[in-house]
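Before any comments, here is the structure.
Residue numbers (the UniProt record's numbering): 1 to 166.
Below you can see the structure in the form of structure tokens.
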């Protein structure tokens with residue numbers, strides 16, 4: 001059996017690596033904290049400085065160290081979190097194709113029994129084929145509108161027309 005690398009699967013389905021998702025979540029939380037009230041616990045905790053010296057040896061990774069690396073990798077300045085309109089514009093400019101949510105719908109599932117390799121009889125090995133339809137959220141809304149305005153009367157109207165014809 002051939003091996004398929006995780007990177008190949010993520011690329012095929014358009015899924016970002018876990019590290020990128022975690023970075024995105026940390027930066028989103030940091031923006032949330034920065035926009036919070038000055039006397040909130042999360043803001044006080046962010047600005048809190050511990051008195052004393054750090055122990056000998058390699059310094060332990062702190063949340064603020066990770067955050068600074070995330071900001072550097074993303075190329076974002078902390079002030080951008082306070083200006084949400086400008087941040088949204090920056091995101092749109094960086095990735096114009098990723099705007100909007102993507103909706104995945106299962107169209108069909110087909111199963112069939114196949115003979116196992118090396119035998120002449122059918123075994124319990126099944127192949128499953130899943131067909132998915134991927135579309136943007138906006139496309140889904142347009143599709144719903146088209147179905148709504150397709151000229152088919154609602155069920156209540158059909159019932160009223162049927163009653164008056166008799």
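We treat Cβ as the ideally placed atom computed from N, Cα and C, and that holds for glycine.
- Here residue 2 carries a coil assignment [DSSP, helix/strand/coil].
- Residue 23 is a Cβ neighbour of residue 70, given a cutoff of 7 Å.
- Between residue 33 and residue 43 the beta-carbon gap is near 6 Å, inside 8 Å, which marks them as a contact.
- Distance from the CA of residue 30 to the CA of residue 18, rounded to the nearest whole angstrom, comes to 18 Å.
- In the three-state scheme derived from DSSP, where H, G and I count as helix and E and B as strand, residue 77 is classed as coil.
- Going by DSSP, residue 41 is part of the alpha helix (DSSP H) stretching over 41-47.
- Linking residue 64 to residue 72 through their CA atoms gives a straight-line distance of about 12 Å.
- Taking each of 27, 5, 8 in turn and checking the Cα distance to residue 77, the smallest one comes out for 27.
- Exclusion of the five residues before and after residue 58 leaves no residue of its chain whose Cβ lies closer than 6 Å to its Cβ.
- Within the same chain, and ignoring the five residues on either side of residue 37 in sequence, the residues whose Cβ sits closer than 8 Å to its Cβ are 43.
- Excluding the 5 residues flanking it on each side, residue 85 has no same chain C-beta neighbour closer than 7 Å.
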